[in-house]
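Just below is one structure, and these are the notes that go with it.
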Amino acid sequence: MQYQTITVEPLSPVIGAEISGVDLAQPLGNQTFSEIHDALMTHQVIFFRDQDLTLDQHKAFGRRFGELHIHPTAPAPEGHPEILTVHADENSERVAGQGWHSDVSCDKEPPLGSILHIQKAPESGGDTMFASAYAAYDALSEPMKAFVGGLQARHESKHRYFGRNKRTGTMRDGENVYPEATHPVVRTHPVTGRKGLFVNAVFTTRIEGLKEKESRALLDFLNDHINTPEFHCRFAWRANSIAFWDNRCVQHHAVWDYYPQTRHGHRVTIQGDRPF
Ligand code: SIN
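Every position in the sequence shown, counted from 1, becomes a number in the working numbering once 113 is added.
Written out as structure tokens, the structure is:
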């Protein structure tokens, strides 16, 4: 791939690339937008350094890629319902994004991608790990690909979101219904046409049509499989770094190894479409 306006340096041949030569606080020209989009399609998660963005600039960057998604339960800064605050400090009992997952896969139309801007990073630790769902699918044997390729899985959220976020008002829909959905276990990416595994340890609760024990065993196998280091890259944050991941083909896991230090940032999430 030839890039004219940005520089793209892969973190590994499988997943991840760091992009330089662009100021995301400025409106993106069409050529630069198209090159960033190409880099995301090729590398699945892309990283930027030294980006000083206001909440409005962060949202404007996200909106180049689609409508913004509103999280069903997470609190947002006043006046910015499309922003999700990511914060951990000495008082935290848990952090956002622990455990391998694709964001809000319990939604019927789960997010296309997420853009996380970290403003305060711990002195060390606090990395985010990313796994390629394409690489995980490609590494399966042909009989296993054929088996899982015909299956659907249930994704639920109540077990994850209930009681979290100290929410006292209503949820996104105003009715306090925790989202859930059924999606194919193997998802075809609508842009690249590549297949990837689309079950995860946080939201996927069962495989439809299998007995309980079979479903548990298969989910345990697939969740363990995504944990293979050869499918991964790992990003070490500094203040004003950005990670932009494609939830249709990437899982991520936020590593909480920095307690009691503070880590703080904001995420903008882009609305996706129905997986097929
Ligand atoms: C998330 O969006 O899941 C949180 C990721 C992170 O904090 O690194």
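Glycine included, C-beta positions come from ideal geometry on N, C-alpha and C.
Hey, does residue i have any beta-carbon neighbour from chain C nearer than 9 Å?
{"i": "residue 238", "result": "Absent from the structure: chain C. Only one protein chain is present."}
Along the alpha helix (DSSP H) that carries residue i, what are the first and last residues, could you check?
{"i": "residue 261", "result": "255-261"}
{"i": "residue 148", "result": "143-156"}
{"i": "residue 273", "result": "271-274"}
{"i": "residue 234", "result": "That residue, residue 234, is in no alpha helix (DSSP H); it is neither H nor E in DSSP."}
{"i": "residue 309", "result": "From DSSP, residue 309 is part of no alpha helix (DSSP H) but of the beta strand (DSSP E) over 308-310."}
{"i": "residue 170", "result": "168-176"}
{"i": "residue 91", "result": "The structure shown does not extend to residue 91, since the chain is modelled only from 114 through 389, so no value can be given for it."}
What do you get for residue i, buried or exposed, if any count of 16 or more other CB atoms within 10 angstroms of its CB means buried?
{"i": "residue 115", "result": "exposed"}
{"i": "residue 317", "result": "buried"}
{"i": "residue 308", "result": "buried"}
{"i": "residue 167", "result": "exposed"}
{"i": "residue 299", "result": "buried"}
{"i": "residue 136", "result": "exposed"}
{"i": "residue 304", "result": "exposed"}
{"i": "residue 290", "result": "exposed"}
{"i": "residue 392", "result": "Here the chain covers residues 114 to 389 and nothing more, so residue 392 does not appear."}
{"i": "residue 268", "result": "buried"}
{"i": "residue 178", "result": "buried"}
{"i": "residue 204", "result": "exposed"}
{"i": "residue 272", "result": "exposed"}
{"i": "residue 165", "result": "exposed"}
{"i": "residue 344", "result": "buried"}
{"i": "residue 351", "result": "exposed"}
Is the separation between the beta-carbon of residue i and that of residue j shorter than 9 Å?
{"i": "residue 266", "j": "residue 221", "result": "no"}
{"i": "residue 338", "j": "residue 253", "result": "yes"}
{"i": "residue 128", "j": "residue 156", "result": "yes"}
{"i": "residue 227", "j": "residue 380", "result": "yes"}
{"i": "residue 369", "j": "residue 261", "result": "no"}
{"i": "residue 386", "j": "residue 225", "result": "yes"}
{"i": "residue 105", "j": "residue 246", "result": "In the structure as shown, the chain starts at 114 and stops at 389, and residue 105 therefore has no counterpart that could be examined."}
{"i": "residue 117", "j": "residue 148", "result": "yes"}
{"i": "residue 383", "j": "residue 175", "result": "yes"}
{"i": "residue 186", "j": "residue 274", "result": "yes"}
{"i": "residue 346", "j": "residue 125", "result": "yes"}
Along the beta strand (DSSP E) that carries residue i, what are the first and last residues, could you check?
{"i": "residue 337", "result": "No beta strand (DSSP E) holds residue 337; the alpha helix (DSSP H) holding it covers 325-338."}
{"i": "residue 359", "result": "354-359"}
{"i": "residue 344", "result": "Segment: none, residue 344 is in no beta strand (DSSP E) and carries neither H nor E."}
{"i": "residue 382", "result": "376-383"}
{"i": "residue 125", "result": "First-last for residue 125: undefined, no H or E at that position."}
{"i": "residue 297", "result": "293-297"}
{"i": "residue 196", "result": "196-201"}
{"i": "residue 186", "result": "First-last for residue 186: undefined, no H or E at that position."}
{"i": "residue 319", "result": "317-320"}
{"i": "residue 367", "result": "363-367"}
My guess is that residue i and residue j are in contact by the Cβ rule of under 8 Å, so how many angstroms apart are they, rounded?
{"i": "residue 356", "j": "residue 160", "result": "5 Å"}
{"i": "residue 162", "j": "residue 354", "result": "5 Å"}
{"i": "residue 297", "j": "residue 270", "result": "Between residue 270 and residue 297 the Cβ distance is about 18 Å, and since that is not below 8 Å, they are no contact."}
{"i": "residue 158", "j": "residue 363", "result": "5 Å"}
Checklist line | the stretch 214-230 touching the stretch 165-185, judged by at least three CB pairs closer than 8 Å | finding: Verdict: yes, contact present.
Next item on the list: Take every Cβ of the stretch 229-236, pair it with every Cβ of the stretch 141-153, and state whether three or more of those distances are shorter than 8 Å.
Entry: The stretch 229-236 vs the stretch 141-153: no contact.
Check: Given 8 Å as the limit, is there contact between the stretch 194-205 and the stretch 328-336, that is, 3 or more CB pairs closer than that?
Finding: No contact exists between the stretch 194-205 and the stretch 328-336.
Notebook entry, point to check: At a cut of 8 Å, does the stretch 232-248 reach the stretch 363-377 through at least three beta carbon pairs?
Noted result: Yes, they touch.
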